[in-house]
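Below: the structure, in structure tokens.
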Amino acid sequence: MIETTDLVKIYGDGGSQHFQALYGVSLRVEAGEFAAIMGPSGCGKSTLLNILGLMDQPTSGTYSLGGERVDGLSDRERTLLRRHRLGFVFQSFNLLPRMTALQNVCLPMSYAGLGGTERRARGADLLRRVGLGDKVTRTPLELSGGERQRVGIARALANRPSVLLADEPTGNLDSRTAVEILELLGELHGSGMTLILVTHDRGVAERADRILHVKDGRIVEDERLRGNGKR
Ligand SMILES: Nc1ncnc2c1ncn2[C@@H]1O[C@H](COP(=O)(O)OP(=O)(O)OP(=O)(O)O)[C@@H](O)[C@H]1O
Ligand SMILES: [Mg+2]
0 MIETTDLVKI
10 YGDGGSQHFQ
20 ALYGVSLRVE
30 AGEFAAIMGP
40 SGCGKSTLLN
50 ILGLMDQPTS
60 GTYSLGGERV
70 DGLSDRERTL
80 LRRHRLGFVF
90 QSFNLLPRMT
100 ALQNVCLPMS
110 YAGLGGTERR
120 ARGADLLRRV
130 GLGDKVTRTP
140 LELSGGERQR
150 VGIARALANR
160 PSVLLADEPT
170 GNLDSRTAVE
180 ILELLGELHG
190 SGMTLILVTH
200 DRGVAERADR
210 ILHVKDGRIV
220 EDERLRGNGK
230 R
């Protein structure tokens, strides 16, 4: 599903401000696999996830998504591919505060050109699936942290992505709520979703099939906990 070779990321223009965040990252994540990327603050986890999520481009190295090379795409091509193939879950939820839960979930579908009726039906269905069927008209301020993250997850699923990417999705939640969100992500994985989750928390990472340990911009260990993603 995802394969990279020798990804390098250098921030800045190569002058005195430049900073190398990734030093040759090669990895493979199979369809249906749940991989955690774990490591200390500043080691390059978000940098790697942003590249895998087509939010950013590597300085060098190759990236194939679903068997197709995507490292040389234009910004526009990357945006389109991202919109249709990938779903993102953010630590700070990134919901639009003036919109209802349903409107937040429907937004990516409108970018993808889906009609209003279909959007609302699919949005309501997704909110039911994450346990918020009775709160579709609430705005983020009227929801708890865990509920906001459920909306974030429903929104990430809006365009039926093949891969879900999550950067510290439980980082702003108390531990009980975090467990609920991790269980929801586990259910999605159980239904066949490929999942890549970034965390600095061993307990969170242990929910994955596999932990990729990152240190100073490199994968220093590929720890398999269970399965290989194929059912
Ligand atoms: N836009 C940028 N310009 C310059 N340096 C950057 C930029 N973004 C990140 N960095 C640097 O790259 C390194 C890796 O950052 P990254 O955000 O990937 O770390 P992280 O592992 O996600 O950390 P955290 O756990 O704190 O989120 C850090 O040293 C950071 O300061
Ligand atoms: Mg980060």
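Taking numbering that gives the first Met the number 0 as reference, the numbering of the sequence shown is continuous, increasing by one, and the terminal residue is 230.
Using N, Cα and C, we set each Cβ at its ideal position, and we do this for glycine too.
Predicted model only: the values in this text are computed from it and were never measured.
Three or more beta-carbon pairs drawn from the segment 197-207 and the segment 158-173 are found closer than 8 Å, and the two stretches are therefore classed as touching.
The segment 62-98 contains, as complete beta strand (DSSP E) runs of 3+ residues, the segments 85-89 (chain order). Tyr10 and Val69 have their C-alpha atoms roughly 20 Å apart.
In this structure the segment 49-59 does not touch the segment 178-190; the number of beta carbon pairs closer than 8 Å is below three. Selection around ligand 1 by beta-carbon proximity, strictly under 5 Å to any non-hydrogen atom, yields Tyr10, Phe18, Ala20, Ser40, Gly41, Cys42, Gly43, Lys44, Ser45, Thr46 in chain order. Annotation: the continuous alpha helix (DSSP H) that includes Leu106 extends over 100-110.
Of the heavy atoms belonging to ligand 2, at least one sits nearer than 7 Å to the Cβ of Asp166.
Going by beta carbons, Ala207 and Val88 fall outside the 8 Å limit. Within the DSSP secondary-structure output, His212 pairs in a beta bridge with Met37, Glu220. Per DSSP, reduced to three states, the secondary structure at Glu141 is helical.
Ala153 sits in a helix when the DSSP states are folded into three classes. Your pair Met0 and Ile210 does not check out as a contact, with CB atoms roughly 18 Å apart and the cut at 8 Å. Under the three-state reduction of DSSP output, Arg27 falls in the strand class. Under the three-state reduction of DSSP output, Lys44 falls in the helix class. Taking the Cα positions, Asp215 is about 36 Å away from Val104.
Taking every protein chain shown into account, the CB of Arg75 has fewer than 16 other CB atoms within 10 angstroms, so this residue is exposed. DSSP, read as helix, strand or coil, puts Val203 in helix. Gly60 sits in a strand when the DSSP states are folded into three classes.
Using a C-beta cut-off of 8 Å, the segment 129-137 makes contact with the segment 148-155, since at least three inter-stretch Cβ pairs fall below that distance.
Under the three-state reduction of DSSP output, Gln148 falls in the helix class. Assigned with DSSP and collapsed to three states, Asp166 falls in strand.
The beta-bridge partner set that DSSP reports for Leu113 is empty. Looking at Lys8, Ala153, Tyr110, the one whose alpha-carbon comes closest to that of Gln19 is Lys8. Classified as buried, Ala35 has 16 or more neighbouring CB atoms from the shown chains inside 10 Å of its CB.
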